Amino acid sequence: MRPRLLAISGPLKDLTIALAEGDITIGREAANRVPVGDPSVSRRHCKLSGLDGEFRVQDLGSRNGTLVNGTAIQDQILKHGDEIAAGDSSFLFLMEQDDTAPGTGRVELDDSHRTAETIVLNPKDVVYLQPERLQRELSSTSPLARNLNALLKISRIVHSIRDLEMLQGQLLDLIFEVAPAGRGAILLTDSEGHQFNSTFARMRQTGQAPSMKISRTVANRVLEQGISILGADVPNSGDLRGVESLAELQVRSLLCVPLTVFKRVIGCIYLDSNNQRSGLNEEHLQLVTAIAGISAVALDNARRLQWLEKENERLTLEVSQDRSLVGEGARMKDVYQFIKRAAPSDSTVLIEGESGTGKELAARALHRNSPRASKPFVAINCAAIPETLLESDLFGHERGAFTGAAGLKKGRLELADSGVVFLDEIGELAPSLQVKLLRVLQEREFERVGGTHSIKLDIRLIAATNCKLDQAVREGAFRQDLYYRLAVLRMTMPALRERRDDIPMLARHFVQKHAKRCKVKPRPISREALSLMVNYDWPGNVRELENAIERALVLGSSEMILPEDLPESLLERDPVPEMNEARYHAAVKELKKQLIRDAVEQTQGSYADAAKILGVHPNYLHRLIRNLELKETLKDALKDVSPRSLSGMAGGNA
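If you count the sequence shown from 1, you need to add 200 to reach the numbering used here.
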């Protein structure tokens, strides 16, 4: 086991920290085992303890709390893949088996550009791939029978191993049993097939090859032409005598065969020997070429599987980061506490809250921290699917159930079996479907549309609504019995205006998220712009804030996000007097008004000339006058200005 922490965000990003038995602390102080230069991290933030192969994390009374998978914790046992957040820094806890095969080594390609006297063999001439020829020669050639048994053994083994390194190691070990090679290597190309990006080497006797040089000329010729090459007598084979790496290692014979999948060469198998008595010959060339033909697909599949597993880990981590709840205020701590208590159970949860508050994120956090975390999470928006289609979408249908039902279709509930179903906007569910959903909650079974038998179901249901369901029950728009089934556990997501302390953190989070998505450089947020964000009511909640940040990143032209980069609705909001940042903004706002008044009076009402004096675009000046409500004030100040100037002023779209 190799327990470790991988820093995925914050000042230590991409740093790997090995873990051992005992305690290590994470915090801002240099005395911590893991010091983090992050102002959002407390001096002694949290502690990781290892005992008997088990690791746990404990919060040390930090200011911003310690989160595991988006949920605030005090003391929790860690499992492989858990994400630990301390302030703006996040770490991934990894505890996987180190299954690197023994005896792996690095391959060095020799760039000597020389040719050699070689035997060239086309795959169509390989005797082991020609059944008719084999049948004629088998009775009189005993080595042939031995080699066939070896091929059968290799065929059985290579197609039963999924791990790439283990497969390569087993393959070379089996080749050593039938060919007198002292060293062996498997080289695989990149996706374009031009360069070797994966190499594996092994020695016959020691099983290790820390550094193995081979001829790049030979390997590239095999790669480009798709042929097998044999150098049966290297010291006497013309130009091969001049290859320094071969001479240094006293190589007497070598062979290199292509690995071909669907007429595409994906790499090669290389063998050499310094044995003077029993070297590699044409029989070994035939045999190893046949082995390559058998194992090429298995090697290609193992490599693709390895890439898919790594890509799946990367995407899973990326999605979990994008779909995590963000916030450290008192209201969000209540949400985290609810998730921590509710996640382990299978009880139905009803999440209430305004649109854009993150109800689906809360549902995903419940799923991610539950025993069903590895099972499906199926989200259904009851308001987005027409009523005529929603029943079939939820419950599926049998063949011929209605016009157009050409075959059996499983519904989303059935596809989510053993996982979690999230029903968003549950208040929009039609009365007829409310009855069917009630049966699912009561009996954990349902029938497909047009079906005659019940199907058992094992799901956890999480519902969300932006309306008051209890009021809908009183008005007769929602079934009372279904409401009580849904509201076994009930949580309300706070509106953004109720947790203004979280706005700076949310804003910085969205800057990082959308800078990567929009392929722009992340920019800091000016104090004035941040003050406007904190003072705004955000009727669209977190979703509206996210859209405002994305807009500012795309349309902003300065090194910082400034107030003019934000939507006009924020600029029109008067600051809250009791907030320091608001008082600062009020002073700046008053200064802007005075500068504009002075410039317009100095130019006798010419907005174009006033914009030049102020160093801003005329359109921006018009926008400022409108947002700062200066239009009438300027008219009063310019009553003594000539009619010509006033007419020019009236023509401006202030």
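For glycine and all other residues, C-beta sits at the position ideal for the given N, C-alpha and C.
Values in this document were obtained by computation on a predicted structure and should not be read as measured data.
Quick check: residue i and residue j, are their CB atoms within less than 8 angstroms of each other?
i    : j    : result
M412 : A401 : yes
L638 : L682 : yes
R690 : L550 : yes
L372 : K353 : no
M705 : G527 : yes
D238 : P203 : no
T266 : I277 : no
F595 : L613 : yes
S242 : R263 : yes
S428 : V422 : yes
Q634 : R679 : yes
R685 : T548 : yes
L770 : A752 : no
V461 : I469 : no
L367 : A492 : no
L388 : R504 : no
Tell me which residue opens and which closes the alpha helix (DSSP H) that residue i is part of.
i    : result
F678 : That residue, F678, is in no alpha helix (DSSP H); it is neither H nor E in DSSP.
C718 : I703 to C718
F622 : Premise fails: F622 lies in the beta strand (DSSP E), V620 to D624, not in any alpha helix (DSSP H).
E744 : N741 to L755
R204 : Not the alpha helix (DSSP H): R204 falls in the beta strand (DSSP E), residues R204 to S209.
F602 : It is not in any alpha helix (DSSP H) - F602 carries neither H nor E in the DSSP assignment.
V535 : A530 to A542
R699 : Neither: R699 is in no alpha helix (DSSP H) and is coded neither H nor E.
M733 : R727 to N735
P631 : P631 to E643
Can you tell me where the beta strand (DSSP E) holding residue i begins and where it ends?
i    : result
M691 : L689 to T692
D373 : Careful: D373 lies outside any beta strand (DSSP E), inside the alpha helix (DSSP H) at L364 to V378.
L219 : From DSSP, L219 is part of no beta strand (DSSP E); its letter is neither H nor E.
V578 : F577 to N581
S428 : S428 to G431
F255 : E254 to D259
E283 : E283 to A286
S249 : C246 to L251
R674 : Premise fails: R674 lies in the alpha helix (DSSP H), L669 to R674, not in any beta strand (DSSP E).
I277 : D275 to I277
Spell out the partners DSSP gives residue i in its beta bridges.
i    : result
G556 : Answer is none; G556 lacks a bridge partner.
F396 : T389
H597 : K609 and V649
R383 : M403 and D472
L812 : One detail in the question is off: residue 812 reads as Lys in this sequence, not Leu. Bridge partners of K812: none, in fact.
R159 : Since the first residue shown for the chain is 201 and the last is 854, residue 159 is missing from the structure and cannot be characterised.
P235 : G227
R464 : V461
A272 : L267
V549 : I662 and L689
L292 : L206 and E283
L455 : L430 and L471
I761 : I725
I655 : F646
Using 7 angstroms as the cut-off, classify the Cβ of residue i as near or not near the heavy atoms of the ligand ADP, replying yes or no.
i    : result
L689 : This structure does not include the ligand ADP; it has no bound ligands of any sort.
Enumerate in chain order the residues of its own chain whose CB-to-CB distance from residue i is below 8 angstroms, with the five nearest sequence positions on each side excluded.
i    : result
T300 : Its pLDDT being 38, under 50, T300 is placed unreliably in this model, and the value from its coordinates should be taken loosely. If we look at T300 and ignore the five residues flanking it on each side, its Cβ neighbours are E365.
E377 : A350
T695 : As written in the sequence, residue 695 is Ala, which differs from the Thr given in the question. For A695, where only same-chain residues beyond five positions count, the Cβ hits under 8 angstroms are G553, E554, T557, W738 and N741.
Q476 : R452
T803 : D809, A810 and I813
L657 : L613, E614, D617, V640, R644, E645 and F646
T216 : R204, L205, L206 and A207
Give every residue of the same chain whose Cβ lies closer than 7 angstroms to the Cβ of residue i, excluding the five residues on either side of it in the sequence, and list them in chain order.
i    : result
D836 : none
A379 : L471, L480, H484, L487 and V488
A573 : H567
R244 : T225, G227, E229, N232 and L260
A811 : H817, P818 and L821
E698 : R531
A220 : G250
D298 : Unreliable positioning characterises D298 in this predicted model, as indicated by a pLDDT of 45, which lies under 50. The coordinate reading is nonetheless provided below. Only R202 meet the Cβ criterion.
Starting from the C-beta of residue i, find all residues in its chain whose C-beta is less than 6 angstroms away, skip the five residues before and the five after it, and write them out in chain order.
i    : result
A616 : P576, V578 and I659
H709 : V526
R844 : Since pLDDT at R844 reaches only 43, below the 50 mark, its modelled position is unreliable, and the value read off the structure follows with that caveat. Result list for R844: empty, nothing under 6 angstroms.
Y536 : T271 and A272
R404 : F376 and G382
D214 : none
Does residue i come within less than 8 angstroms of chain B when only Cβ atoms are used?
i    : result
L834 : Structure shown: chain B not included; a single protein chain is present.
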